[in-house]
Structure formats: C-alpha cells, structure tokens
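This report concerns only the one structure given below.
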Amino acid sequence: MGAWRHFPIFMITLPLLGAVLMPFLGYLRERWVPYAALLPLAASTLLGFLLVGRIPAGDHLSYHLGGWEPPFGIEIRVDHVGLFLMLVVCAITLLALVYSRRYIEKEVSPGRRTAYYVLYLLMSGAMLGFTATGDIFNLFVFMEILALSSYALVAITGNRNAVRAAFKYVLMGAPSSIMVLLAVGFLYSVTGTLNMADLASRIAESGYTEVLVVSYILFVIGFGVKAALFPLHMWLPDAHSIAPSPISALLSGLLVEVCAFALVRITFSVFTRSATDLVGGTADAVGVAAAAAVLYGGIMAITQKDLKVMIAYSTVSHIGYIFLGITAFTAEGLTGAMYHMLDHGLAKACLFLCAGNFIYLKGYRRIEELRGAWRQMPWTCFAFALASISVIGIPPTAGFISKWYLILGNIRAGKWLYTIVLLSGSILAAVYCLRIIYYMFFQAGKEEAWEDASRDVPPGMLVPVWALSLGTLFFGVFSYLLIPSLLKASAYLL
Amino acid sequence: MRLLHNYHYAAAMALFCIGLYTVIVRRNIIKKLIGLNIMETSVFFFYISLGYLDGGVAPIHAGSADPARMVNPIPQALILTGIVVALSVTALALSMVILLYRQYGTLDVDRLMREEEPAAEGAAGEGEGGA
C-alpha cells in the first residue's frame with residue numbers, strides 16, 4: 001500500500017481546494033492569483049505523471065473514499081484509459097492557464113479576474129473527477145460542477161453576446177443534466193446500486209430490459225448534448241466562439257471529450273458486453289448521428305467567415321469522429337477514439353489559442369482579416385499551420401494516427417459507409433484548414449492592416465501554443481509509446 | 001394493473017414531459033426556467049417514491065424497528081445533492097436572465113436570438129483556398 005494509491009484523489013481535490021482558497025488570495029493580492037492558480041494544476045499534473053506505469057496492465061486502481069468499501073462508498077476507479085485522459089486534461093488545462101494570464105488582463109474586467117481563476121480551477125478539478133469516478137451518481141455531481149463552471153466561464157466577459165451564448169448553453173445543458181439524473185434513477189431502481197462495477201454485474205441479471213434501454217437512451221441524450229453530438233450541438237458554435245480563447249480551448253479541446261468519455265464508461269463499464277445487445281440499436285443511432293456530424297460540421301466550417309466559429313464547427317465534426325470510433329465496438333476503433341481525444345485536444349486547443357493571439361494583438365476575428373498575417377506573427381502562424389495539419393490528419397502528426405485507427409476499427413466492424421464518411425471528413429477538414437493557411441502565408445495583406453502590430457505576442461502566450469502544436473507532432477512520431485497500451489486497455493474495456 | 005399499482009412513476013413521468021414541453025415550446029425565458037424546475041422536481045419525486053414504503057419507519061438501527069419496514073434513505077440523500085445542484089443552476093440562469101433583460105430589453109427567446117445575429121452566421125464565404 002504505497003502512497004501512490006492516494007494520487008488520483010489528490011489530483012481531483014487539489015484543483016477544487018485551490019478554487020476554494022483562491023477568493024481569499026484574490027481579496028488580499030489579486031495580482032498573485034494567476035500564478036497561485038498554477039500550483040494546484042501543476043501538482044495534479046506531477047502526480048498524474050508519477051502514476052504512469054504503476055497500474056498493472058489490464059487492471060485498475062481502485063480508491064475508496066473515506067475508507068467505505070464499494071458498493072456502499074464512492075469509488076475512484078482509474079484504469080489505463082482513464083489515466084491517459086486525466087493526463088491529457090492536466091496538461092492542456094495547465095498550458096491554457098499559463099496562456100490565460102495575459103489574455104485575461106485584456107479581455108476580462110479587473111473585478112472578475114479572480115472569479116475567472118476560481119471557475120477555471122473548479123472546471124479542471126471537475127473534469128478530472130468526471131473521468132476518474134467509479135460511481136454513477138458521483139459522475140452526475142462532477143458533471144454538474146463542470147457544467148455550472150463552464151456556463152459561467154462562457155459569460156465571464158459579461159457582454160451581451162457572451163451572456164446570450166451562455167444562456168443558450170444553459171437552456172440545452174440543464175435539461176440534459178436532468179436526463180442523466182433520471183437515467184441514474186432508472187438504473188438504481190432496477191439494480192439497487194450506484195457503483196459502476198457492481199452495476200455491470202447486476203445489469204445482466206435484472207429482468208427489466210425496457211427500463212435499461214430507456215435509461216441508456218437518456219444517457220445518450222444527456223451526454224450527447226454536453227458533448228455536442230450532431231443534432232444536439234446547437235449551443236456549441238455560439239458558446240465556443242464567444243467565450244475567452246483559453247476557455248474556448250478548454251471547452252472544445254477537453255469538455256466535449258470528457259463527456260464523450262463518460263458515454264464510453266457508461267457503454268463499456270456499466271452496460272458492458274453482456275448488455276450490448278440491449279443497447280446495440282441505440283448505439284447504431286449514435287453512429288448515424290456521428291456520421292452526420294462529421295459531414296455537417298465540416299461543411300458548416302467551410303462556410304464560416306469568423307475564425308473561432310469555424311474552429312467550433314470543426315469541433316462538431318471531430319466529435320463525430322470520436323463517436324464513430326466508440327460505436328465501432330472494436331479495440332482499434334476505441335483506441336482511435338481515445339487517441340483522437342488526445343490529438344484533437346492538443347490541436348483544437350492550439351487553434352483556439354492561436355485565434356486568441358490574433359484577437360489579443362489586433363482584435364481580428366474574421367478570416368479574411370488574416371491575409372498576410374505571416375509576416376507580422378510568424379510564430380503564431382506556424383503553430384496554427386502545424387495544428388491544422390493534425391486536424392486534417394496528414395502524417396506525421398497525431399491526427400493521422402488516430403484517424404488511421406478509427407478507420408481500421410470501422411473496417412474491422414464491417415462498417416464501410418462510415419469508413420467513407422471518415423475519409424471525406426478529412427477532405428472537408430483540408431478545405432477549411434488550408435483556406436486559412438493560404439490566407440496567412442500566400443496572400444499579401446493590406447500594409448496598414450498589420451503595420452502597428454508589434455512582432456508577435458509575448459512569450460507567455462507563445463510557449464503554450466507551441467507546446468500544444470509540438471505535442472501533436474510528438475504524439476504523431478512517437479505514437480508507438482502509447483498505442484500498444486491503449487489497444488490493450490481498450491480490449492480490457494470491451 | 002402494474003401501471004395502476006405504480007401510479008407514482010406514471011405521475012413523475014407525466015410531470016417530466018410537462019416540464020420538457022414547457023422548456024422546448026414556451027418562448028418566454030422565465031417560463032422556460034419554470035419548466036426546467038418542473039423537470040427537476042419530477043425527477044426528485046421519482047427518486048423519493050423509489051425509496052418510499054407504505055407505513056415505513058425512519059431507518060435508524062438503534063431502536064427495535066424492523067429493518068424490513070425501514071424507508072430506503074439513499075434516494076433521499078441523493079436528492080438532497082440534486083436539490084442543491086438544481087438550486088445553483090436556477091440561480092445562475094436567473095442571474096443571466098437579469099443581465100439579458102437589461103441588455104436586450106426582452107424576455108422573448110425568439111427576439112432575443114434573432115436580434116443582431118453574430119457576424120459568423122453568414123452565407124458561403126469566399127472559399128477559394130485549398131487549391
């Protein structure tokens with residue numbers, strides 16, 4: 001019983017504790033808050049990396065809160081896939097927080113900056129807890145912390161468009177949370193337990209198939225809204241484009257993905273293989289919606305004039321990719337979905353932070369205003385190009401690896417139509433990404449559009465952007481570090 | 001007969017549908033929030049009726065009460081959490097309504113969303129890139 005067994009709970013509670021303490025610091029020394037907020041997240045990241053390699057293959061780390069044995073107490077359950085996603089969450093939240101300091105000074109009024117960091121830490125802690133928990137009611141609680149802090153963060157600037165976008169998000173997000181709560185209630189009513197592992201063993205023998213199916217459909221709708229799965233995505237383009245850029249990066253790069261991961265947990269850890277026959281029909285419907293999302297998001301992204309809205313629609317498309325990987329029900333497909341969570345998180349966060357750089361320096365939001373941006377902001381533009389390449393899925397970036405496994409998984413499952421959809425999604429991505437690259441690098445902008453700009457943004461904003469874009473390259477070249485263990489972990493989940 | 005016996009579940013689901021209908025169909029955002037609260041209440045009612053026992057006693061093991069007649073306390077504990085969450089969501093949404101009303105001067109959701117569309121909602125852009 002080493003101390004490392006306690007690491008997962010500290011990874012979750014340190015950011016939450018930081019969020020509680022931050023208002024006091026903000027009251028005394030507001031200028032220290034951006035630095036102090038880094039501490040809990042850095043500690044979580046460190047603990048996460050110390051956990052790597054400690055969990056035996058094909059097994060999980062189970063932690064009992066307060067020493068109450070499951071199924072009575074709340075269990076924190078970290079397996080390889082969960083730890084992988086927790087590390088992604090830690091790394092990206094940490095980088096976006098480093099980025100936030102300068103950006104927030106410009107976009108958020110002084111009285112609200114402490115609130116920004118409090119909500120930011122709450123959201124990070126909730127995402128970690130959401131990924132790690134092994135109890136479905138606890139899952140609901142973390143989802144609500146996550147949702148409430150993200151509603152408030154979208155509206156943090158307080159201008160009218162931001163509040164409207166956030167309200168639209170609440171109007172869709174709050175009913176979806178209630179549906180998840182109802183689904184949890186249905187599962188509890190037929191099994192009498194809330195622990196995921198215990199549920200998995202009891203679901204098979206409980207006779208109430210209709211209740212189980214309805215419960216699964218409610219989970220799909222609930223998490224589908226939060227993950228912005230195609231017909232339920234309406235809130236996303238507004239909320240993701242109007243929020244401050246570091247928050248857009250977090251919403252687009254992480255929030256939708258942890259919600260998709262929650263559906264992975266529900267499908268594979270709760271309903272499991274034995275009950276897959278029950279939910280197979282729903283999963284097929286999810287597959288159709290995901291395929292529609294890939295195409296719809298891509299086409300909408302092409303038609304956009306605003307850079308951040310375009311990136312947001314690209315997220316709608318890529319959520320479709322993740323869901324197509326999940327609904328393939330093969331180890332390769334699930335590996336592709338998990339790897340896509342990594343590289344989409346890195347690339348999309350990078351794109352949003354780059355868009356933030358243009359807003360920070362010049363206030364430019366529209367795509368055609370970026371003509372000739374390369375000469376003034378070479379570093380930002382190169383990072384943007386690298387992340388775009390990963391979004392399209394060109395080797396040697398991580399986007400290629402994940403799309404490879406997604407397609408492989410769908411071929412294994414005999415879903416040829418989805419394979420074609422996945423490939424055409426890449427073509428659409430190429431159209432909308434290369435258009436921006438063309439504007440940035442190969443078109444002469446008006447001289448006066450850039451003349452007063454200083455040469456690129458301060459290093460505090462460039463370093464996170466470059467760390468993210470080099471991350472997509474690193475995980476593309478060195479994918480062999482992760483893929484074998486992910487394949488094994490996916491087979492364990494299946 | 002089973003439905004008649006489990007009428008409280010049917011009531012909870014009817015309430016849920018009324019709430020969902022209100023959230024989707026009503027144009028006034030205050031009414032939408034009321035619908036949201038009806039949905040929440042219906043779920044709370046569903047949970048509480050799960051644990052209810054006719055003529056049940058409080059689940060305190062110290063006395064001489066028969067464990068088989070005790071009310072299940074877990075749904076009640078869960079719903080305490082659920083109520084706190086619902087309260088926070090409602091408070092946040094209402095504060096947003098106040099901000100929206102100050103800035104747009106209307107509570108009608110159609111007018112709110114129509115007014116001054118974000119610049120992004122344009123027609124096909126000049127997508128000559130990609131070549």
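Residue numbers (our numbering), protein chains in the order written: chain E, 1 to 494; chain C, 1 to 131. In this text, a Cβ means the ideal position worked out from N, Cα and C, and glycines have one as well.
Practice task
Can you tell me which of the three DSSP states SER62(E) falls into?
Solution key: In the first sequence, residue 62(E) corresponds to position 62, counting from 1. In the structure shown, SER62(E) sits in a strand (DSSP, three-state: E or B).
Handout entry: Simplified DSSP assignment, three categories, for ASN195(E)
Key = For the purposes of this step, residue 195(E) is taken as residue 195 along the first sequence, with counting starting at 1. ASN195(E) falls in the strand class under three-state DSSP.
Exercise for the section: Please decide whether GLY185(E) counts as near chain C, where near means a Cβ-Cβ distance under 7 Å. Expected result: Start at 1 with the first residue of the first sequence, and residue 185(E) comes out as number 185. By this cut-off, GLY185(E) is an interface position.
Exercise for the section: Check whether the Cβ atoms of LEU263(E) and ALA290(E) lie closer than 7 Å to each other. Expected result: Locating residue 263(E) in the first sequence gives position 263, where the first residue counts as 1. Locating residue 290(E) in the first sequence gives position 290, where the first residue counts as 1. Their beta carbons are not under 7 Å apart, which means LEU263(E) does not touch ALA290(E) by this criterion.
Practice task
Would you check if the distance between the CB atom of ASN28(C) and the CB atom of GLY51(C) is smaller than 7 Å?
Solution key: One-based indexing of the second sequence puts residue 28(C) at position 28. One-based indexing of the second sequence puts residue 51(C) at position 51. Taking 7 Å as the Cβ cut-off, ASN28(C) and GLY51(C) do not qualify as a contacting pair.
Exercise for the section: Determine whether the Cβ of LEU495(E) lies closer than 7 Å to any Cβ atom of chain C. Expected result: In the structure as shown, chain E begins at 1 and stops at 494. Residue 495(E) is therefore absent and cannot be evaluated.
Problem - Within-7 Å CB hit, ARG160(E) to chain C - result: The residue given as residue 160(E) occupies position 160 in the first sequence. Yes, its Cβ sits closer than 7 Å to a Cβ of chain C.
Handout entry: ASP135(E) - DSSP class collapsed to helix/strand/coil
Key = Counting from one through the first sequence, the residue named residue 135(E) turns up at place 135. Correct three-state label for ASP135(E): strand.
Practice task
Within the same chain, show all residues whose beta-carbon is closer than 7 Å to that of TRP32(E), passing over the 5 residues directly before and after it, in chain order.
Solution key: Here the question's residue 32(E) lines up with position 32 in the first sequence. So the list reads LEU25, once near-sequence residues are dropped.
Exercise for the section: Please list the partners that GLY82(C) has in chain E, where partner means a Cβ-to-Cβ separation under 7 Å. Expected result: What you label residue 82(C) is simply residue 82 of the second sequence in a count that begins at 1. Residues of chain E passing the Cβ test: LEU181.
Exercise for the section: Note down, in chain order, each residue of its chain lying with its Cβ closer than 7 Å to the Cβ of PRO168(C), except the 5 sequence neighbours on either side. Expected result: The question about residue 168(C) has no answer, for chain C in this structure spans 1 to 131.
Exercise for the section: Return no unless some Cβ of chain E is closer than 7 Å to the Cβ of GLN76(C). Expected result: Locating residue 76(C) in the second sequence gives position 76, counting from the first residue. Not one chain E Cβ lies under 7 Å of GLN76(C).
Exercise for the section: Tell whether a beta-carbon distance below 7 Å holds between LEU353(E) and TYR99(E). Expected result: Start at 1 with the first residue of the first sequence, and residue 353(E) comes out as number 353. Start at 1 with the first residue of the first sequence, and residue 99(E) comes out as number 99. Their beta carbons are under 7 Å apart, which means LEU353(E) touches TYR99(E) by this criterion.
Problem - Neighbour flag for ILE18(C) against chain E, beta carbons, 7 Å - result: The residue given as residue 18(C) occupies position 18 in the second sequence. Output row for ILE18(C): interface = no.
Exercise for the section: Quick one: which unbroken beta strand (DSSP E) runs of 3-plus residues sit fully inside the stretch 14 to 61 of chain C? Chain order, please. Expected result: none
Exercise for the section: Might you give, ordered along the chain, the residues of its own chain that have their beta carbon closer than 8 Å to the beta carbon of LEU65(E), omitting 5 neighbours on each side? Expected result: Translated into the one-based positions of the first sequence, residue 65(E) becomes position 65. So the qualifying residues of the chain are ILE9, GLY73, ILE74, GLU75, ILE76.
Practice task
With 7 Å as the C-beta to C-beta threshold (strictly closer), list the residues of the stretch 104 to 116 of chain C near chain E in chain order.
Solution key: TYR104, LEU112
Practice task
Indicate whether at least one CB of chain E lies closer than 7 Å to the CB of LEU15(C).
Solution key: Walking along the second sequence from the start, residue 15(C) turns up at place 15. No, LEU15(C) does not count as interfacial toward chain E.
Exercise for the section: Find out if the Cβ-Cβ distance for the pair VAL465(E), TYR360(E) is shorter than 7 Å. Expected result: Taking the first residue of the first sequence as 1, we reach residue 465(E) at position 465. Taking the first residue of the first sequence as 1, we reach residue 360(E) at position 360. Not closer than 7 Å, so no.
Problem - Short CB-CB distance (under 7 Å) between LEU50(C) and chain E - result: As a position in the second sequence, residue 50(C) is number 50, starting the count at 1. Under the Cβ criterion of 7 Å, LEU50(C) is counted among the residues facing chain E.
Problem - Check: THR133(E) C-beta below 6 Å from any heavy atom of the ligand GDP - result: Looking at this structure, you won't find the ligand GDP or any other ligand, since it has none at all.
Exercise for the section: Examine chain C for any beta-carbon lying closer than 7 Å to the beta-carbon of SER109(E), and answer yes or no. Expected result: Position 109 of the first sequence, counted from the first residue, corresponds to residue 109(E). SER109(E) does not count as touching chain C.
Exercise for the section: For ILE178(E), go through chain C and note every residue whose CB falls closer than 7 Å to its CB, in chain order. Expected result: The residue labelled residue 178(E) in the question sits at position 178 within the first sequence. Those are MET39, GLU40, VAL43, listed as they occur along chain C.
Handout entry: Chain-ordered neighbours of LEU100(C) on chain E, where CB pairs are closer than 9 Å
Key = Sequence index remark: in the second sequence, residue 100(C) carries index 100 (1-based). Per Cβ cutoff of 9 Å: ARG160, VAL163, ARG164, PHE167.
Exercise for the section: Using three-state DSSP, classify ARG455(E) as helix, strand or coil. Expected result: As a working mapping, residue 455(E) is identified with position 455 in the first sequence. Here ARG455(E) sits in coil by DSSP.
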